[in-house]
Every structure is written in structure tokens, then in C-alpha cells.
Amino acid sequence: MYFTSLVRSCAFLTRSTRPSRHAFVRPILSAPHVRYSSHSPMGTPSANPRKKVTIGTLRSLHRRGEPITVITAHDFPSAHVADAAGMDIVLVGDSLAMVALGMEDTSEVMVEEMLLHCRSVARATKSAFTVGDLPMGSYEIAPQQALETAIRFVKEGRVQGVKLEGGKEMAPTIQKITTAGIPVLGHVGLTPQRQNALGGFRVQGKTSLGALKVLEDALAVQEAGCFAIVLEAIPAEVAAIITQKLSIPTIGIGAGNGCSGQVLVQVDMTGNFPPGRFLPKFVKKYGDVWAESLKAIETYRDEVKSRQYPAPEHTYPIPKAELDNFVGLVETIEKE
Ligand code: KIV
Numbered sequence: 017m018y019f020t021s022l023v024r025s026c027a028f029l030t031r032s033t034r035p036s037r038h039a040f041v042r043p044i045l046s047a048p049h050v051r052y053s054s055h056s057p058m059g060t061p062s063a064n065p066r067k068k069v070t071i072g073t074l075r076s077l078h079r080r081g082e083p084i085t086v087i088t089a090h091d092f093p094s095a096h097v098a099d100a101a102g103m104d105i106v107l108v109g110d111s112l113a114m115v116a117l118g119m120e121d122t123s124e125v126m127v128e129e130m131l132l133h134c135r136s137v138a139r140a141t142k143s144a145f146t147v148g149d150l151p152m153g154s155y156e157i158a159p160q161q162a163l164e165t166a167i168r169f170v171k172e173g174r175v176q177g178v179k180l181e182g183g184k185e186m187a188p189t190i191q192k193i194t195t196a197g198i199p200v201l202g203h204v205g206l207t208p209q210r211q212n213a214l215g216g217f218r219v220q221g222k223t224s225l226g227a228l229k230v231l232e233d234a235l236a237v238q239e240a241g242c243f244a245i246v247l248e249a250i251p252a253e254v255a256a257i258i259t260q261k262l263s264i265p266t267i268g269i270g271a272g273n274g275c276s277g278q279v280l281v282q283v284d285m286t287g288n289f290p291p292g293r294f295l296p297k298f299v300k301k302y303g304d305v306w307a308e309s310l311k312a313i314e315t316y317r318d319e320v321k322s323r324q325y326p327a328p329e330h331t332y333p334i335p336k337a338e339l340d341n342f343v344g345l346v347e348t349i350e351k352e
């Protein structure tokens, strides 16, 4: 039934005489006569098929002491590449406010905007466990509000879990969500949504009392049912001790190598930003996507301007007889 409707809809596509911007490709993994738009995800066979990562997979990684890999994604392409690269968790962080929507900080992003991006990411993450960040204002008012938002993230955003910021004070909220069967990733230490109260983006836990507070927060959100906790911007030694005191994994960002896993914002680690932008100390730049894209787009611009592109190999052929006929038809029309 599904197959026939697919073939029927594709037959429509191939019969169409309307010129299309989209080329059609033959997918390797499905019926050879079915053609999709080259921009369709169906046009790209999975390079590295993996089993779906579940809460069980994450627990077993933690039990075995194997680091858990986490990266952010904000749309289909950034999630597609993260999934193909074998990430365990893909996080639709609210950092998308800045990296995808050009906002100044995370406080501006709305639930509907997060949901749109979660859906787009979730279409690509065939294997990675996908988590969506609850944006500021969508969960702090009451546990009921948080549960309602978390349910929207699962039903509309199609993610498998949600992340929310905060320690002890958020424990009843986290409990409300986890008891409804929605996995929660905690987030303590530097919590960017509270930057105004923290006096900016400041490293947390730098004093013994500050470190104790981060530990107490981590223990409280663990007790409330979090499946893992992000530890952001705390000294490596403190993060390592907290990790030892917890029975669930810690995912560090600016928290050293003693955590159970690591998370980075994708645009940071791939170098997808113009030169001169400030990068926090903990970010390692593994690529230079900005420079590569810039070079490619500038070359394209130059080749279009100089008529080097498109070359004959980028064009579609027509049989000579058909072309001659066409020229004849054009001449007839011109005479009329
Ligand atoms: O929003 C985000 O990208 C995050 C990660 C940096 C943990 O919260």
C-alpha cells in the first residue's frame, strides 16, 4: 500500500513536463525505478546505518565507562551529518537562538521556534537519541507548565527527551516530567538562561561552597529522575568529583575530561563562523567550515560572472533531431 502510493506519486513527478529546479536521483536502498528530488533525504542512502540509541544504550555506555558523545544540531543538515558521524545524542540546544536565528541570547527564542527546529532535526536523527531544550519561560512557572511543554516537545518536536536548566529548585519540575515517562537531561553549573542573575557567563563552582552547591544541585536533579546531567563551565577537578558521586552520566561542556561524556555546539567545533568571533576557552575547533563555504561560494560567484559555470557537463542533452525540429517550430512560430 505504502509502496504503491510512493510509486504513484513518483510517477507523477517523472511524468511532469514542468521544468524543475530539482534534479532526480535514484536512491540506492529502494526500488530502482523510484526517483526522488535530489534534495530529498531519501536521495541519500545512510552511509553508516546504526541501531537507534535509546536510554538503555546510554546506560550501558555509562556502565562500560565509554564516553557519551553529544553535539548540538539546529536543522536537518546539521543533524544529518551529526547522526552520520555516529553521535550518541543530538541536542537541539536553545543556543539555536543565536546560531540559527541570529538572536542575541537564548532568552528570546520561543517554544514554537524550538519545535520547528526539533522536528527538522528529528527527521535526520535516525540513530542518535534526540533531546530538545525547553526554552526560558516554558517550564519555570510550575511543574504542570513544564510537563505540558515537555509533552509538546515529544509529540510535536518528535524528540526522545528534553533538557532544562536548574538545580535543587527544579527537582519537583523534573520529577513531574520524568514520572510522565519523558526522559530529562539536567543542566547545572553555568546555566545560560539565568545569565542576568549570574552576572554574565561566569565559571561556576570556583570556591569550595560554590562547588558544593553544584554538587547538591546535581544530586537533587539525579534524585528527581534525570537520565544524565550537563555540567557547564566548572573546574575540571570539581566536575570529576561530582561525576564520581553520581550514579548517572555527566555530560561536560567546559568541565574537563573527568565527565562521562562531552557536548559541544556544532557551529563552534566545526568552525562555522567568521574570523574574529570570540570562542570560549573550552572549545576545540575541529574544522573550518566557514572558510570552506566562503571559498566555494566565492568561486561559484566568479565562475558565474565569467560564464565558466555551467560547463557542458552540467547540462542535459537533447537528441539532434529533436533540437532541429524544435528550431524549425520556433521559426514557424516567428513567421506567424
Ligand atoms: O543550548 C545549548 O546548545 C546547550 C549546550 C551548550 C549544552 O545547552
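Sequential numbering of the sequence shown, starting at 17, is according to the working numbering.
All residues carry an ideal CB built from backbone N, CA and C; glycine is no exception.
Contiguous alpha helix (DSSP H) elements confined to the region 80-168 occur at 92-100, 112-115 and 127-138, taking only those with 4 or more residues.
The beta carbon of S111 sits closer than 7 Å to at least one heavy atom of the ligand KIV.
Under the three-state reduction of DSSP output, Q278 falls in the strand class. With a beta-carbon spacing of about 19 Å, L107 and K171 fall beyond the 8 Å limit used to define contacts.
A contact is defined here as three or more CB-CB pairs under 8 Å, and the region 244-258 fails this definition with respect to the region 280-289. Looking at the backbone, the Cα of N212 and that of P65 are separated by about 43 Å. Residue pairing for A244: DSSP places it in a beta bridge opposite L201.
Taking H78 as the centre and dropping the five residues before and after it, the same chain places the C-beta of P265 and S276 closer than 6 Å to its C-beta, in chain order. DSSP places S309 in the helix class (H, G or I) of the three-state scheme.
The beta carbons of D149 and A116 sit about 12 Å from each other, so the pair does not count as a contact at 8 Å. Straight through space, the alpha carbons of A158 and T73 are spaced by roughly 31 Å. Annotated as proximal: Q220 and A249, with beta-carbon spacing under 8 Å.
T194 is the residue among G202, L235 and T194 whose C-alpha sits nearest the C-alpha of E164. In this structure, V246 is the residue among V246, R218 and D121 with its C-alpha nearest to the C-alpha of L231. Secondary structure note for V254: its alpha helix (DSSP H) is the uninterrupted segment A252 to K261. Of the residues M119, S76 and T141, the one whose Cα lies closest to the Cα of A101 is T141. Cβ-Cβ distances below 8 Å link K67 to T73 and S143 in the same chain, with the five nearest sequence neighbours on each side left out; the list follows chain order. With contacts defined by Cβ atoms closer than 8 Å, G202 and I190 form a contacting pair. A234 is a Cβ neighbour of L262, given a cutoff of 8 Å.
An exposed status is given to P188, since fewer than 16 other beta-carbon atoms sit within 10 Å of its beta-carbon. The beta carbon of K184 lies closer than 7 Å to those of E232, D233 and A236 in the same chain, with the five residues before and after it left out.
Judged by DSSP in its simplified three-state form, S53 adopts strand.
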